[in-house]
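Down below is the structure, laid out as structure tokens.
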Amino acid sequence: MEPGTVKLSALTKRFGDLVAVKSLDLEIPAGGFFSLIGPSGCGKTTTLRMVAGLEHPDEGTIEVGGEDITRRPAYRRPVNTVFQSYALFPHLSVADNVAFGLVEERRPRIEIRTRVAEMLELVQLVGREHSKPAQLSGGQQQRVALARALVKHPKVLLLDEPLGALDLKLRKELQGQLKSVQRRVGITFVYVTHDQEEAFSMSDRVAVMHDGLLEQVGTPEDVYRKPATLFTADFVGASNRTEAVVEAALGEGRYRLRAGDIGELPAYGPERIAEGTAVNMIVRPESLRLGGEGYAATVADVSYVGPAKHLELETEALGRVQATVGGDERAAVGDRVTVSWPAEAAWIVAGDSPDPPNEAHSPTS
Amino acid sequence: MMRYAGQALRSLLALPTLAWMLLFFLIPLGLVVVYSFATISLVTYNISFGWTLSNYRQIHDPLYFNTLTRSIFLSISATLGCLLLGFPLAYFISRQPSRWQKLLLVLVIVPFWTSFIVRTYAIVNLIDNGGPLQHFLHALHVLSGPLNILYTPKGIALGIVYSYLPLMVLPIYVSLERIDYNLVDAANDLGANPRRTFRRVTLPLAMPGVVVGCIIVGIPALGEYVIPEILGGGKTLMLGNVITDQFLSVGDYPFGSAIAVALMVVMALALIVFRLTQRRAAPS
Amino acid sequence: MKLRRHWFSGLISLVVIVCLWAPLVIVAVNSVNKDTLLVSWKGFTTHWYNQAYHNPDVRGGVKETMTIALASTAISLVLAVSGSLWWRRAGHRSQRMFDGLTYLRIMLPEVVFAVALFLLFSKIRFPLGTTAVVIGHVVWNSAYATLIIQARVATLDPALEDAAADLGANAWRVFRRVTFPGLLPGIVAAGLLAFTFSFDDVVTSYFLVGSGTAPLPVVILSMIRFRITPEINAIGMMVMLFTVTMFTVGFLAVTRLGRGARRALALPEGRD
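Residue numbers (my numbering), protein chains in the order written: chain A, 3 to 367; chain B, 41 to 324; chain C, 5 to 276.
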């Protein structure tokens, strides 16, 4: 087993009556950039802290590189953390901060000095060895925290929303730096964030958590284009949704659906959905096309965001529909247009069953 | 199991304090209560541990009961004195610009930082017959003849006020300092009666500080020993002195213990009364 | 200074402040006053200071007081630090009981502490003297130290200790390398305060010193009783200067504890 793999088995954590993490099973492959995303309170940070050893699971095991470390205290795990607040020791200089873990390992002084210097070079903080954390900017502090954790050559690096306190531009810059550092160092990064975009731009694989449970694990593209549950579909992006029934399974993930007022719809979905199953079908706003053959619609609202335009369309057949088109596409409130989408863009979310038919529910949201 | 080792270790941290307080605070206090129900033969100094109320009955003896009432009376008087002097002082300081506030607070606190016993001794010099206060009052024609407050309850009250005044000023200052006087001044400028504004706005907002001040002056004052010892001239004028006398001079431990218990009961009652008035005063 | 608007409270303030300082000024003046009866000024002298300096009771008293103060401060700090660190992670009920114990020790008159310990020591036949006094001081001194250090502990970032553990430090190393440095200003402040309280103490020392060397405040007390003036003024002056200095340094340490600690202690925050 590769040293940087992480395996969580039936991991459970309770805080009083609240079950923060519910029997989590997750395997994180070695050497990649892995993100754990989800809304606040979904249990992602708790999971991360359990891997670090800062929380103790009530049930389940944690393995790193094949070794069971569940019972080991934090200071004996081959795992290091970059904290959300950086947690830099205010009374120590940058160099002493970075050297902290090496001092605990009782490394000889020369070795410590060399490794600290290497690490500061990696995060581009050469020359700041003697500054105190308070004298550094947010971005610099974050890099010290990163260096401090990496210098110990952990098997896995855990990052708990480390970019939350930074402004947008700095955040994007540091995202790029984190990604390149991970490539250079080659160890497993486990990154926790509620920002789906951030996670997608940096990660090789992503896990979506909700209410203590794992909703889906996969590459960013898989999670986005083929969400397994409605929650995942909504969390990683906007979607137009309708309920439908599987009329025919055409094999290889293709299906023909029948949706109430709309009639027949071709769609793709996970394999082996039985005919007659009630499902939800989604189409992402950016997959909708204006013009050509399609459903009649009136533009109800336009939001211009620069590179794109978000439109709200009122249709007879489909109700309210959201579309995202290019910024230079001509569309104004009141225009009569036609809207359509390619069959490949229609995806069946099989993970949840729709609401029962007699509940009032708009066909698209 | 490593998981629980950390928790056990952490509970161990409470041990020093708990052990020390159990051994040297709680158990001794228990002893005091037990002794208060015992009797002693003042001939043989043999203590017999019964469950008698004779010591408590002895407190009703006018000699001791007067001391009890005098202690309560002096504590209340001193608290009122501190309040009457301390409130204007706290108010004045809170109305000054920030720099002056700090200076004034220092002027009020530094005397408090001098040695307690020296401070009390300094009062002796001040209020002695023939001392500066007497001269001062003569010069103002407020008084003629000897001052005669040293070695009297009046002197003790004065001494308590003198020593405890900063303890009244500080909490009231803290409460007043939070008031946004811009609003008060605006109200006054717009024609509101300043006295009414004070009564209906400033005063209620200062109340929490007043209550705290009264508690941290009044309650410890009940058990004062040094001030009545020095300013009372060796007469056992307050409960603290009677207790000390019974233990170190007379040797009647049971009776001394009973008085100590009585002191604690009075304090507990005073605290309860204060908390009740506090709860009734403002639901804020 | 805004005087005109608040002339009434200003007047009272002036009178009060003068009265607060007058006795101290008088002690200062009389400590160098040649007049033995202290009825008038008879010239400057350092005779009383000389006398005080050579007084064996005074010298013994200072040594004794120093010893007691150092010992009781050290023990009080240990109790305060351990108790406060425990309190941080304790359950609500335990916290409330601990706080009750702390406030009880602050509110209870010292005479009750002294008497209770006196009874205990007499019952178990523990000898009165320096050790007994130290034990007695620690009981109430640790309460003040605990309050200050609790306030300081409240400002500590728990993430720092998590980080230290994450980086390989066990519980003791976390304390030594992260927690203790963070607590240091509070420890200094609490230490200075506790030292001064112990140094200045009369009641507990009086009860528990037995026939041992009397600490300085007890020496002063007997001198006052026997009216051995004006040497008392010289002693008093030296003691006052010492305690003011200690409190000042302690206060400066407290104001450097940071806003969180100040709020917890309900001290006024500067408007800068």
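Ideal placement from N, C-alpha and C gives every residue a C-beta, glycine not left out.
Using the Cα positions of residue i and residue j, report the straight-line distance between them to the nearest angstrom.
i: A/MET211; j: A/LEU172; result: 27 Å
i: C/GLY87; j: A/PHE35; result: 43 Å
i: A/GLU254; j: A/GLU273; result: 7 Å
i: B/TRP140; j: B/LEU277; result: 40 Å
i: B/LEU309; j: B/ILE219; result: 32 Å
i: A/MET52; j: A/HIS58; result: 6 Å
i: B/SER297; j: A/ALA22; result: 56 Å
i: C/CYS23; j: B/LEU311; result: 30 Å
i: A/VAL368; j: A/SER11; result: Only positions 3 to 367 of chain A appear in this structure, which leaves residue 368 of chain A out of reach.
i: A/ALA348; j: A/VAL285; result: 5 Å
i: C/VAL253; j: B/LEU207; result: 20 Å
i: B/ILE99; j: B/VAL74; result: 17 Å
Would you call residue i buried or exposed, if buried means 16 or more other Cβ atoms sit within 10 Å of its Cβ?
i: B/SER215; result: buried
i: B/THR154; result: buried
i: B/LEU125; result: buried
i: A/THR116; result: exposed
i: A/TYR369; result: Coverage of chain A is limited to positions 3 through 367, which leaves residue 369 of chain A absent and any answer about it impossible.
i: C/GLY104; result: exposed
i: A/GLU346; result: exposed
i: B/GLY291; result: exposed
i: A/MET3; result: exposed
i: C/MET101; result: exposed
i: A/VAL341; result: buried
i: C/ASN34; result: buried
i: C/HIS10; result: buried
i: A/ASP303; result: exposed
i: B/ASN222; result: exposed
Helix, strand or coil for residue i per DSSP?
i: C/LEU245; result: helix
i: C/GLY190; result: helix
i: A/LYS290; result: With the sequence shown as reference, residue 290 of chain A is identified as Leu, and Lys is not the correct amino acid for it. Three-state DSSP puts A/LEU290 in coil, outside helix and strand.
i: A/TYR193; result: strand
i: A/GLN86; result: coil
i: A/ARG207; result: strand
i: B/LEU277; result: coil
i: B/PRO260; result: helix
i: A/GLY296; result: strand
i: A/ALA250; result: strand
i: B/ASP229; result: helix
i: A/MET283; result: strand
i: A/ALA302; result: strand
i: A/GLY220; result: strand
i: A/LYS157; result: coil
i: A/LEU6; result: Looking at the sequence provided, one finds Gly at residue 6 of chain A rather than Leu. It is coil, neither helix nor strand.
i: B/LEU316; result: helix
i: C/LEU151; result: helix
i: A/ALA12; result: strand
i: C/HIS96; result: helix
Under the assumption that residue i contacts residue j (Cβ atoms under 8 Å), give the Cβ distance between them as a whole number of angstroms.
i: B/TYR265; j: C/VAL115; result: 5 Å
i: A/LEU180; j: A/MET204; result: 6 Å
i: C/LEU196; j: C/GLY65; result: No, C/LEU196 and C/GLY65 are not in contact; Cβ-Cβ is about 21 Å, not under 8 Å.
i: A/GLU106; j: C/ARG177; result: 6 Å
i: C/PHE199; j: C/ALA26; result: The pair is not a contact, with the Cβ atoms about 28 Å apart (cut-off 8 Å).
i: C/VAL137; j: C/VAL213; result: 5 Å
i: A/VAL146; j: A/VAL100; result: 7 Å
i: A/VAL81; j: A/VAL96; result: So it is not a contact: roughly 23 Å between Cβ atoms.
i: C/ILE187; j: C/ILE152; result: Reading off the sequence shown, one finds Leu at residue 187 of chain C, where the question assumed Ile. Contact doesn't hold; Cβ gap of about 10 Å is too wide.
i: A/VAL225; j: A/THR234; result: 6 Å
i: B/LEU279; j: B/SER111; result: 5 Å
Could you list which residues in chain F have their beta carbon closer than 9 Å to that of residue i, in chain order?
i: B/ASN222; result: Any reference to chain F falls outside this structure, whose protein chains are A, B and C.
Quiz item: Would you say the region 46-54 of chain B touches the region 256-272 of chain A, given that touching needs at least three Cβ pairs under 8 Å?
Solution: Under the three-pair Cβ rule at 8 Å, the region 46-54 of chain B does not count as touching the region 256-272 of chain A.
Practice problem: State whether the region 204-213 of chain C contacts the region 68-82 of chain B, with contact taken as three or more CB pairs (one from each stretch) at a distance under 8 Å. | Solution: Look at the beta carbons and you see the region 204-213 of chain C not touching the region 68-82 of chain B: under three pairs across the two are nearer than 8 Å.
Exercise. Answer yes if the region 154-167 of chain B comes into contact with the region 239-251 of chain C, meaning at least three C-beta pairs across the two stretches below 8 Å, and no otherwise.
Key: Short answer: they touch.
Quiz item: Between the region 115-127 of chain C and the region 53-61 of chain C, do at least 3 Cβ pairs fall closer than 8 Å?
Solution: They do not touch, by the three-pair rule.
Exercise. Decide yes or no for the touch test of the region 158-166 of chain A against the region 191-208 of chain A: beta carbon pairs closer than 8 Å, at least 3 of them.
Key: Counting Cβ pairs under 8 Å, three or more are found: they touch.
Quiz item: Are the region 165-173 of chain B and the region 227-240 of chain B touching, with three or more C-beta to C-beta distances below 8 Å?
Solution: No, because fewer than three Cβ pairs between the region 165-173 of chain B and the region 227-240 of chain B fall closer than 8 Å, the two stretches do not touch.
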